[in-house]
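This report refers to the structure that appears directly beneath it.
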Amino acid sequence: MTTQSRRSFRSESGLPFQRIVVFGDSLSDSGNTHKLTKGEWPKDERYYKGAFSNGKVWPLLLGERFGIEVENRAFGGATADNKLVQGKTGYYTDIPVPALADQVDTYLASSKSHLLHAYPRAGAAPKGETLFSIWVGGNDGFLQPEIGGATIFKAIERSIMKLYRAGGRHFLLSTQSDGSPYSAAYNRQLAESMHKLTDTLGNIHFAVADNASLLADIVGDLGKYGFDSLSPCITGIYENESYNPAAVEGANMVLEQSQALQRTASTCVAHPERHVFWDIFHPSARLHQVLADNTCAVVLKRWGVASVKPSQSALSPVGEPLPIFDL
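Counting the sequence shown from 1 gives a position; this note's numbering is that position plus 1491.
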């Protein structure tokens, strides 16, 4: 899209927000962990600008589709709350990273001198006109599944409430996907929390991208989405690369680096655009495009004008979005 067409699309769509603020883990991180580790992780130059993929991550693509600003505060390795599960990253998985709770606190502290609904910085949209994206919880389930998905989402709910009290009104969430009891409990609690907050507060609004079902659909029909392989594009990054997320029921794409690592020679396939996964844990650039396309459709269906579509060049062969997660 050109700048003019983006403005036109934003105007025609009727979306109630002007910017996106992103919280989460490596599925959303566009380079924060790379900066935190002074370029040490991810280190391989084939990782796009320090993101955990070979191209732009889905929140940046979503912002481009809507023609609005994206402020990314996600960190690879992040958990919901470090007081429950400590998130870590780095070559040896030994560098603590800000959890969702920390990311939200830092964001709010950056604008604490402003009144409710005030601009967090000059030229930015008020919090009430901001879409807050929160996708986190996969690392919690991988590192300490015994804590339970419901407990982890309740921690996420506390961060949502902090943003709400500061003026946040629009929230974009995602389901967890591996078919495990942890993810099932997480998704149930997500639905319960959204019902409760919507009924209690009234002026809080949610959209949920059912990425669990999306990935399961991709695994079941690779060609429908332009893929032909579930094997990772790049190997030799992690010590234990026998794990294949596609082999897990529901194809868990939300696990992150959590093993001790060793420096080994890495290799990359010739056509990464045909692969679902970039490395053994993270989406390829192509999958990020599909995630962005589906999320775009979900957001438009929830808040926009149904007849308005992004430019065809921006869309993957997804067609109609998967059903919105039932709140």
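A virtual CB, placed ideally from N, CA and C, is assigned to each residue, including glycine.
Note that the structure is a prediction, hence the values are computed from the model and not measured.
Please go through the stretch 1505–1552 and give each complete beta strand (DSSP E) segment of 3 or more residues, from N-terminal end onward. 1510–1515
Sort L1506, K1715, D1596, G1567 by Cα distance to K1653 and report the nearest one. D1596
If L1663 and A1698 are in contact, beta carbons under 8 Å, what's the gap, nearest whole angstrom? 5 Å
Look at the alpha carbon of G1629 and the alpha carbon of E1683, and state the distance between them as a whole number of angstroms. 19 Å
I1709: first and last residue of the uninterrupted alpha helix (DSSP H) it sits in: 1702–1711
Please report the distance separating the alpha-carbon of D1690 from that of H1696. 11 Å
Rounded C-alpha distance that separates V1513 from Y1583: 26 Å
Of all the options A1776, A1571, T1642, which has the alpha carbon lying nearest to the alpha carbon of R1679? T1642
Report the CB separation of F1543 from P1533 in whole angstroms; it is logged as a contact under 8 Å. 6 Å
Assuming N1785 contacts L1688 (C-beta within less than 8 Å), just tell me the rounded distance between them. At roughly 24 Å, the Cβ-Cβ gap does not stay under 8 Å, so N1785 and L1688 are not in contact.
P1636 at chain B interface by Cβ criterion, 7 Å: Protein chain content of the structure displayed is limited to a single chain, and chain B is not contained in it.
Should K1540 be labelled buried (16 or more other beta-carbon atoms within 10 Å of its own) or exposed? exposed
Using DSSP with H/G/I as helix, E/B as strand and the rest coil, what is H1773? coil
Relative to the alpha-carbon of G1581, which residue among H1525, R1793, V1548 has its alpha-carbon at the smallest distance? H1525
So, using beta-carbon positions, are P1589 and K1579 closer together than 7 Å? no
Kindly provide the ranges of any alpha helix (DSSP H) runs that are 4 or more residues long and lie completely inside the stretch 1546–1602, ordered along the chain. 1549–1557, 1591–1600
S1722 burial status per 10 Å Cβ neighbour count (16 or more: buried): exposed
For C1787, name the three-state secondary structure that DSSP assigns. helix
Note down, in chain order, each residue of its chain lying with its Cβ closer than 6 Å to the Cβ of G1554, except the 5 sequence neighbours on either side. I1511, V1561
Between which two residues does the alpha helix (DSSP H) holding L1634 run? 1629–1634
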